[in-house]
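full-length UniProt numbering puts the sequence shown at residues 1 to 630.
Ideal Cβ positions, reconstructed from N, Cα and C, are used throughout, including at glycine.
Quantities reported herein were computed from a predicted structural model and do not represent experimental measurements.
Single-structure report; data block below.
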Amino acid sequence: MAYKDIYARWKQDPERFWMEAAEAIDWVEKPTKALFDANAPLYEWFSDGKVNACWNAVDRHVEAGRGDQIAIIHDSPITHTKRWISYFELRNRVALLAGALRAKGVEKGDRVIIYMPMVPEALEAMLACARLGAVHSVVFGGFAPHELAVRIDDCKPKAIIAASCGIEPGRVVHYKPLLDGALEAATHKPDFCVIFQREQEVARLEEGRDYNWHGFQYGAEPADCVPVEGNHPAYILYTSGTTGQPKGVVRPTAGHLVALNWSMKNLYNVDPGEVFWAASDVGWVVGHSYICYAPLVHGNTTVVFEGKPVGTPDAGTFWRVISEHKVKSFFTAPTAFRAIKREDPKGEFVKKYDLSGLRTLYLAGERADPDTINWAKAQLKVPVIDHWWQTETGWAITGIPAGIEEMDIKIGSSGVPMPGYDVQILDEAGDPVGPDTLGAVAVKLPLPPGTLQTLWNAEDRYRKSYLDHFPGYYETGDAGMIDEDGYLYIMARTDDVINVAGHRLSTGAMEEVLANHPDVAECAVIGVADDLKGQLPLGLLCLNNGVNRPEAEITRECVDMVRAEIGPVAAFKLAVVVDRLPKTRSGKILRATMVKISNGEDFKIPATIDDPAILDEIRIALRRIGYEKG
Numbered sequence: 001m002a003y004k005d006i007y008a009r010w011k012q013d014p015e016r017f018w019m020e021a022a023e024a025i026d027w028v029e030k031p032t033k034a035l036f037d038a039n040a041p042l043y044e045w046f047s048d049g050k051v052n053a054c055w056n057a058v059d060r061h062v063e064a065g066r067g068d069q070i071a072i073i074h075d076s077p078i079t080h081t082k083r084w085i086s087y088f089e090l091r092n093r094v095a096l097l098a099g100a101l102r103a104k105g106v107e108k109g110d111r112v113i114i115y116m117p118m119v120p121e122a123l124e125a126m127l128a129c130a131r132l133g134a135v136h137s138v139v140f141g142g143f144a145p146h147e148l149a150v151r152i153d154d155c156k157p158k159a160i161i162a163a164s165c166g167i168e169p170g171r172v173v174h175y176k177p178l179l180d181g182a183l184e185a186a187t188h189k190p191d192f193c194v195i196f197q198r199e200q201e202v203a204r205l206e207e208g209r210d211y212n213w214h215g216f217q218y219g220a221e222p223a224d225c226v227p228v229e230g231n232h233p234a235y236i237l238y239t240s241g242t243t244g245q246p247k248g249v250v251r252p253t254a255g256h257l258v259a260l261n262w263s264m265k266n267l268y269n270v271d272p273g274e275v276f277w278a279a280s281d282v283g284w285v286v287g288h289s290y291i292c293y294a295p296l297v298h299g300n301t302t303v304v305f306e307g308k309p310v311g312t313p314d315a316g317t318f319w320r321v322i323s324e325h326k327v328k329s330f331f332t333a334p335t336a337f338r339a340i341k342r343e344d345p346k347g348e349f350v351k352k353y354d355l356s357g358l359r360t361l362y363l364a365g366e367r368a369d370p371d372t373i374n375w376a377k378a379q380l381k382v383p384v385i386d387h388w389w390q391t392e393t394g395w396a397i398t399g400i401p402a403g404i405e406e407m408d409i410k411i412g413s414s415g416v417p418m419p420g421y422d423v424q425i426l427d428e429a430g431d432p433v434g435p436d437t438l439g440a441v442a443v444k445l446p447l448p449p450g451t452l453q454t455l456w457n458a459e460d461r462y463r464k465s466y467l468d469h470f471p472g473y474y475e476t477g478d479a480g481m482i483d484e485d486g487y488l489y490i491m492a493r494t495d496d497v498i499n500v501a502g503h504r505l506s507t508g509a510m511e512e513v514l515a516n517h518p519d520v521a522e523c524a525v526i527g528v529a530d531d532l533k534g535q536l537p538l539g540l541l542c543l544n545n546g547v548n549r550p551e552a553e554i555t556r557e558c559v560d561m562v563r564a565e566i567g568p569v570a571a572f573k574l575a576v577v578v579d580r581l582p583k584t585r586s587g588k589i590l591r592a593t594m595v596k597i598s599n600g601e602d603f604k605i606p607a608t609i610d611d612p613a614i615l616d617e618i619r620i621a622l623r624r625i626g627y628e629k630g
């Protein structure tokens, strides 16, 4: 069947479509129906079924006689190590860890925070939680203590599983002191912590609270899989909110399994047994969906890569991994390709490796610019597919379903809607607009299986953030348009969350940090264009009257404060002192206008601006630090 036929079949009978897709999953008790709408607009999927995510990701492949197949390839050029873990070995390792957690009191519904680098043990920790029906919340390794403490207080974990350190080019990132700082700052205290000690750094353990990973498991009885209801949370994943307070996206178990399994063949075009590689991190949604769960549930081999696209050791490291491990389908962020292109514009490293086994490159996390797509196509000589989804959705809203048919790829577009997503472009009144008309991108409710069902302990915030603005729709927060062929084009964010190398970061959170500097009276953070990372945050600082300290000293302190509070992932390095900020008469800061100035784009002076002369002052200030391209 063609894409249009499959999409039409879903639209005609969504219940039948998803019940058929659910047949590919192992159930303890099969659901009686797919959609549960009694609490609309808070919809649920497969709620009366019983299922276990770990069984579907690991045990069932062993039971089917495929235990010898490699489940995880760990490739770490940064530590010069490689490991291969079979499904049989993974089953035994996960069952033992789960048994040790159970012996310490972790049960169905308990939360466990995971704070680890890109090592197989991170996936084992996730799967061990799923085995027990515990709800894991993975926090990006190296996040600053304040950010980790906020998450500890929000989800109140019974336990924390962490590593002693992470490894970056030229340095060791000391995780344990960051964890200790977070635990000291947090109001909630977990019962215990499990620390995976890496040979690059052995951390100090606190007696009575901290346990060594291996010693913790010694003598434990392996745990069986605990059945959970279809709507039981698989995990909580925090994403930036515009207020700076993170939002805990709740992923329900059954819909997650059904949708991810469907996507592996239909969207990414891989068959069980083939190698799939998503070059991301377990701290982000891509790592949850397409490093851990989807490849394993579908019976693929997943690559856990610890390194960088350049510098570990060179701009050919991606090509080595693809060639050496026979990767069929590769998924990464456009920023990775921009980094490689910057180091190796002529693709000399590409020529050193046999990439004939690679079928498709997938890009997501930020808008893929045409220059990057064309360079990747020219070098790899495979289709390059830009697709679009969010932490909240857990899998693609739009893309090119390569496993269904070969469709036209339109550069600049993120493709066509996947089954389950009725994507509409709405005007400010919430009415659908015609083709090629810019508006707010929204998805008609209900969202498909695998998407968020609420925010953790924040149902009102869930409604306000996603459902209230356009009744009957999920508001994506993106602006875009759909062409006459049904292809979606994402043009911009409709809020002030910026995208730094595929990581969505809140400018509001950064502004809150800057405002705490004793010399700063007012501030604004905007996202300015960057050739490598897509966007970079830039802080504009208005100082208190009477401050006589050097501006360079103040901006340096502000940069250090953001890095300490939010972490290096914010990539906050640019700050400039200005006399005042452009505002409307009602006091709203004109961030979008400042972004246009910094990027050298044409703009209209807003009719509501308080004093147009301020814009010239901003232009001069940005020019001073090299960020006025006009």
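Selection from I385, S356, E121 that minimises the alpha carbon distance to P370
Numbered from its first residue, the sequence shown carries residue 370 at position 370. For P370, the nearest C-alpha among the options comes from I385.
With three or more C-beta pairs closer than 8 Å as the rule, is the segment 312 to 319 touching the segment 328 to 345?
Of all C-beta pairs linking the segment 328 to 345 to the segment 312 to 319, three or more are shorter than 8 Å, placing the two stretches in contact.
Counting along the chain, where does the alpha helix (DSSP H) carrying V94 start and finish?
Locating residue 94 in the sequence shown gives position 94, where the first residue counts as 1. It spans 87 to 103 - the alpha helix (DSSP H) in which V94 sits, taken as one unbroken run.
Once the 5 residues before and after V270 are set aside, which same chain residues still bring their CB inside 7 Å of it?
Walking along the sequence shown from the start, residue 270 turns up at place 270. Here the set comprises M264, F276, N300, K328, S329.
Using the C-alpha atoms, what's the distance from V303 back to D75?
The residue labelled residue 75 in the question sits at position 75 within the sequence shown. The residue labelled residue 303 in the question sits at position 303 within the sequence shown. The alpha-carbon atoms of D75 and V303 are separated by roughly 7 Å.
Taking 8 Å as the threshold (C-beta atoms), are P14 and L42 in contact?
For the purposes of this step, residue 42 is taken as the residue at position 42 of the sequence shown. For the purposes of this step, residue 14 is taken as the residue at position 14 of the sequence shown. Going by C-beta atoms, L42 is not nearer than 8 Å to P14.
Can at least three beta-carbon pairs, one atom from the segment 85 to 93 and one from the segment 63 to 77, be found at a separation below 8 Å?
Judged by Cβ distances under 8 Å, the segment 85 to 93 makes contact with the segment 63 to 77, as three or more pairs qualify.
Quick check on Q535: buried or exposed, where buried means 16 or more other Cβ atoms within 10 Å of its Cβ?
In the sequence shown, counting from the first residue as 1, residue 535 sits at position 535. Q535 comes out buried.
Run through the DSSP bridge pairs and tell me what W277 is partnered with.
In the sequence shown, the residue the question calls residue 277 occupies position 277. Under DSSP, W277 forms a beta bridge with F330.
Please list the segments of the beta strand (DSSP E) lying wholly inside the segment 554 to 600, counting only runs of 3 or more residues, in order along the chain.
Runs of the beta strand (DSSP E) lying entirely within the segment 554 to 600, each at least 3 residues long, are 574 to 577 in chain order.
Identify, in the order they occur along the chain, each residue of the same chain with its Cβ nearer than 7 Å to the Cβ of C54, setting aside the five sequence neighbours on each side.
Locating residue 54 in the sequence shown gives position 54, counting from the first residue. Hits under 7 Å: V94, L127, A130, R131, C225.
When we look at the beta-carbon of P550 and count the other beta-carbons within 10 Å, is it buried (16 or more) or exposed?
The residue labelled residue 550 in the question sits at position 550 within the sequence shown. Using a 10 angstroms sphere on the CB of P550, the tally of other CB atoms stays under 16, which defines it as exposed.
Distance between beta carbons of K158 and P190, contact taken as under 8 Å:
Numbered from 1 along the sequence shown, position 190 holds the residue referred to as residue 190. Numbered from 1 along the sequence shown, position 158 holds the residue referred to as residue 158. Contact between P190 and K158 holds, since their C-beta atoms are separated by about 6 Å, short of 8 Å.
Would you kindly work out how many angstroms separate the C-alpha atoms of P222 and P233, rounded to a whole number?
Counting from one through the sequence shown, the residue named residue 222 turns up at place 222. Counting from one through the sequence shown, the residue named residue 233 turns up at place 233. One Cα belongs to P222, the other to P233, and the distance between them is close to 23 Å.
Using three-state DSSP, classify M491 as helix, strand or coil.
Here residue 491 refers to the residue found at position 491 of the sequence shown. It is a strand residue.
For the UniProt domain "Acetyl-coenzyme A synthetase N-terminal" (3 to 57), which segments carrying the alpha helix (DSSP H) assignment without a break, of at least 4 residues, lie completely within its bounds, in sequence order?
3 to 12, 14 to 21, all fully within the UniProt domain "Acetyl-coenzyme A synthetase N-terminal" (3 to 57).
Ordered along the chain, which non-local residues of its own chain (more than five positions away) have a Cβ less than 7 Å from that of L532?
Position 532 of the sequence shown, counting from 1, holds the residue named residue 532. Excluding its 5 nearest sequence neighbours in each direction, L532 has C-beta neighbours in its own chain below 7 Å: T335, R338, A339, R342, listed in chain order.
Burial state of D602, where buried means 16 or more other Cβ atoms lie within 10 Å
For the purposes of this step, residue 602 is identified with residue 602 of the sequence shown, where counting begins at 1. Exposed.
C-alpha gap between I589 and A279, whole angstroms:
Position 589 of the sequence shown, counting from 1, holds the residue named residue 589. Position 279 of the sequence shown, counting from 1, holds the residue named residue 279. The alpha-carbon atoms of I589 and A279 are separated by roughly 37 Å.
Taking the straight line between their C-alpha atoms, what separation do you get for L260 and V250?
As a working note, residue 260 is residue 260 in the sequence shown. As a working note, residue 250 is residue 250 in the sequence shown. Spanning the two alpha carbons is a distance of roughly 16 Å.
Among all the DSSP beta bridges, which residues are the ones paired with F192?
For this step, residue 192 is matched to residue 192 along the sequence shown. A159, per the DSSP bridge assignment.
Cross-strand partners of P435 (DSSP beta bridge):
For the purposes of this step, residue 435 is identified with residue 435 of the sequence shown, where counting begins at 1. When DSSP reads this structure, P435 sits in no beta bridge, so it has no partner.
Here's the rule I'm using: 16 or more other beta-carbon atoms within 10 Å means buried, otherwise exposed. How should Y466 be labelled?
Position 466 of the sequence shown holds residue 466. With 16 or more other CB atoms across the displayed protein chains lying within 10 angstroms of its CB, Y466 is buried.
What is the rounded straight-line gap between the Cα of A103 and the Cα of A220?
Translated into the one-based positions of the sequence shown, residue 103 becomes position 103. Translated into the one-based positions of the sequence shown, residue 220 becomes position 220. Counting only the Cα atoms, A220 lies some 7 Å from A103.
Could you tell me the boundaries of the beta strand (DSSP E) in which T187 lies?
If you number the sequence shown from 1, residue 187 lands on position 187. It is not in any beta strand (DSSP E) - T187 carries neither H nor E in the DSSP assignment.
Is the beta carbon of T391 sitting closer than 8 Å to the one on L237?
Within the sequence shown, residue 391 is the residue found at index 391, counting from 1. Within the sequence shown, residue 237 is the residue found at index 237, counting from 1. For T391 and L237, yes; Cβs fall inside 8 Å.
Relative to the C-alpha of V578, which candidate in D519, R563, D560, K596 has its C-alpha closest?
Residue 578 sits at position 578 when you count from the first residue of the sequence shown. It is D519 whose Cα lies nearest to the Cα of V578.
Every unbroken beta strand (DSSP E) inside the segment 278 to 313 [3 residues or more]
Fully enclosed beta strand (DSSP E) runs of 3 or longer: 301 to 305.
Is R66 helix, strand or coil when you go by DSSP?
Here residue 66 corresponds to residue number 66 of the sequence shown, with the count starting at 1. Three-state result, R66: coil.
Pull the bridge partners of K352 from the DSSP assignment, please.
Mapped onto the sequence shown, residue 352 falls at position 352. Bridge partners of K352: none, in fact.
For A122, which residues from the same chain have a beta carbon less than 6 Å from its beta carbon, with the 5 sequence-adjacent residues on both sides left out?
If you number the sequence shown from 1, residue 122 lands on position 122. Once the five neighbours on either side are set aside, the close Cβ partners of A122 are M116, V282.
Give me the Cβ distance between S164 and R151, rounded to the nearest whole Å; I'm assuming they're in contact under 8 Å.
For the purposes of this step, residue 164 is taken as residue 164 along the sequence shown, with counting starting at 1. For the purposes of this step, residue 151 is taken as residue 151 along the sequence shown, with counting starting at 1. That belief does not hold up - the Cβ atoms of S164 and R151 are roughly 20 Å apart, past 8 Å.
Tell me whether V595 is buried or exposed, calling it buried when 16 or more other Cβ atoms sit within 10 Å of its Cβ.
Here residue 595 corresponds to residue number 595 of the sequence shown, with the count starting at 1. Around the beta carbon of V595, a 10 Å sphere encloses 16 or more other beta carbons of the protein chains shown; the residue is thus reported as buried.
Just how far apart, CA to CA, sit Y7 and W18?
Indexing the sequence shown from 1 puts residue 7 at position 7. Indexing the sequence shown from 1 puts residue 18 at position 18. Note on geometry: alpha-carbon atoms of Y7 and W18 lie some 12 Å from one another.
Close-in-space but distant-in-sequence residues of the same chain around F196 (CB under 8 Å, 5 per side omitted)
Within the sequence shown, numbered from 1, the residue matching residue 196 stands at position 196. Within the same chain, Cβ atoms closer than 8 Å to the Cβ of F196 are found at M116, V119, E121, I161, A162, A163, S164, W213, the five residues on either side in sequence being excluded.
Just grab the DSSP bridge partners of D75 for me.
Here residue 75 refers to the residue found at position 75 when the sequence shown is read from its first residue. D75 pairs with K82, F305.
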